[in-house]
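Asks:
Numbering (the working numbering), first residue to last: 1 to 544.
(1) Residues in the same chain with beta-carbon distance under 8 Å from residue 417, minus the five sequence neighbours each way, listed in chain order, please.
(2) Helix, strand or coil for residue 289? Go by DSSP, reduced to three states.
(3) Could you name the residues that DSSP lists as bridge partners for residue 245?
(4) Take residue 541 as the anchor and find which of 504, 488, 497 has the nearest alpha-carbon.
(5) CB residue 520 to CB residue 526, shorter than 7 Å?
(6) Which partner residues of residue 252 appear in the DSSP bridge assignment?
(7) Can you name the start and end residues of the beta strand (DSSP E) that residue 212 belongs to?
(8) Just reading off the alpha helix (DSSP H) that residue 232 is part of, what are its end residues?
(9) What residue does the beta strand (DSSP E) around residue 383 start on, and which one ends it?
(10) What residue ranges within the region 411-444 form continuous beta strand (DSSP E) runs of no fewer than 3 residues, ordered along the chain?
(11) What do you get for residue 239, buried or exposed, if any count of 16 or more other CB atoms within 10 angstroms of its CB means buried?
(12) In three-state terms, what does DSSP make of residue 460?
(13) So what does DSSP say about residue 394, is it helix, strand or coil?
(14) Got a sec? Which residues, its chain only, sit under 7 Å from residue 330 by beta carbon, not counting five neighbours each side?
(15) Rounded C-beta distance between residue 439 and residue 317? I'm assuming under 8 Å.
(16) Whole angstroms are fine: how far does the CA of residue 284 sit from the CA of residue 632?
(17) Is the beta carbon of residue 330 within less than 6 Å of some heavy atom of the ligand FAD?
(18) What span of residues does the beta strand (DSSP E) with residue 508 cover, start to end?
(19) Can you tell me whether residue 184 is buried or exposed? The criterion is at least 16 other CB atoms within 10 Å of its CB, across all chains shown.
(20) Excluding sequence positions up to five away, which residues of its chain have a Cβ less than 6 Å from the Cβ of residue 425?
(21) With residue 394 and residue 348 assumed to form a contact (beta carbons below 8 Å), what rounded beta-carbon distance in angstroms separates them?
(22) Can you tell me where the beta strand (DSSP E) with residue 329 in it begins and where it stops?
(23) In whole angstroms, give me the CA-to-CA distance for residue 222 and residue 115.
(24) Which residue marks the beginning of the beta strand (DSSP E) containing residue 179, and which one marks its end?
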């Protein structure tokens, strides 16, 4: 999500503050236009409080036993004061945070994307206005994970008849080349007609080139500065361990050059509801709306990840944030800068993580590996002899423990080369030779759940997703994106709508929708049953 990261000269209390305090969303206009603002003209000072706060927290921990004495005596005696060694350790940590911050902050940027939108004359009711659905969805990970549905809802929904407007989105980024190359999330710049990069010194530049990869949610932005820019080095997330200190940089809620601290909570974390399929670093460093695209930095001042998403029920920081590992970001960024696109290898299997019940049913001695649920015909895996219910335990001499790990390893194999693939089959290890092939476009389109005829992207509405979005019941397909010029946009579909039925076909999967659309095309008429928090509507339109 990208909220309020860009600075404006005019002092005005942001609409989003009034909305948050009143509990109701302001009517009319694009939400990001109502929220967008530059730096408060009162010139918020960059006060470096982080080191002192952390030091105070540590001192409170190491001297916890003296709290009662302070209450009883009204003061702290010399004997009860923290030992010099304890103070020294706290000061060392404070100094380390300060050093990393000073080294990193000059290379942090704010990014504003501007999109020209046309507001339709008629559309379905806005499911985000005045409903529990909208309030729950705001600020949740689904705003980032689905590419910020609320923003797309606002810019695609509009508030009146056919008039042009401007939608803005805001996020963070960091400079990786002194000649003007910035790295950020793909969703920060997605669909932008213009991208403006604001440096730490307040200088603004229009992007001259924007290249992005939706699968990894990584983008590189070029600007043409009139001087060499400060940069931040890329590190190695393979060297990161759970428990390591990290700092997160960005512009949460429009507060530029913000630094927060935490630790690595987990590695190789997969997110079920994320369209992207890779592994993530999990951290408890505070990440909030506006942090998207900013770096997660180790104590050597090196980028180890790109802040991408949060898991929250409060709409803000709940202690669970996710970052794209820098190894993936570097691999994607290098290809984008060189070729403008990313070439991936693939195996052609649908992997599923093993749970205790499934491992028992397959008579496996452990839960290591991933089970093959589907093998695509004529894919590398099919040609290598992989079968459904095989359990993949190693690929290219690397242990496989999750589906995200398998995908991450497979996509970076060299196309055209052969690799060893070890599977468990009938209680025995079987070694196969698989030749990596380039990820085909038709597979990419299927995995993106995009329906070209309708001009929408959809996601199966599971019970878990329905609960998080506060949608009654389950089943159907939730719309996550709508093409501006597609049939879906013309009939009023918006992100957040749920497609329940097409014709007489109940929708449970992308295949159901595609089959229903094929039948509708033969009839020449499309009939859709669509559910929103404001009710269920039947939509009919010529379709041929």
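Even for Gly, the Cβ is constructed at its ideal location relative to N, Cα and C. All of these numbers come straight from a predicted model, not from anything done at the bench.
Replies: On the basis of the supplied data:
(1) 435, 436
(2) coil
(3) 263
(4) 488
(5) yes
(6) Answer by DSSP bridge pairing: none, since residue 252 is not bridged.
(7) 209-213
(8) Where residue 232 is concerned, there is no enclosing alpha helix (DSSP H), given that its DSSP letter is neither H nor E.
(9) Careful: residue 383 lies outside any beta strand (DSSP E), inside the alpha helix (DSSP H) at 380-384.
(10) 418-425, 428-435
(11) exposed
(12) strand
(13) strand
(14) 234
(15) About 35 Å separates the two Cβ atoms, so there is no contact after all.
(16) The question about residue 632 has no answer, for the chain in this structure spans 1 to 544.
(17) Here there are no bound small molecules, and the ligand FAD is not part of this structure.
(18) Premise fails: residue 508 is in no beta strand (DSSP E) and is neither H nor E.
(19) buried
(20) 390
(21) The pair is not a contact, with the Cβ atoms about 18 Å apart (cut-off 8 Å).
(22) Where residue 329 is concerned, there is no enclosing beta strand (DSSP E), although the alpha helix (DSSP H) it sits in stretches over 326-339.
(23) 18 Å
(24) Careful: residue 179 lies outside any beta strand (DSSP E) and carries neither H nor E.
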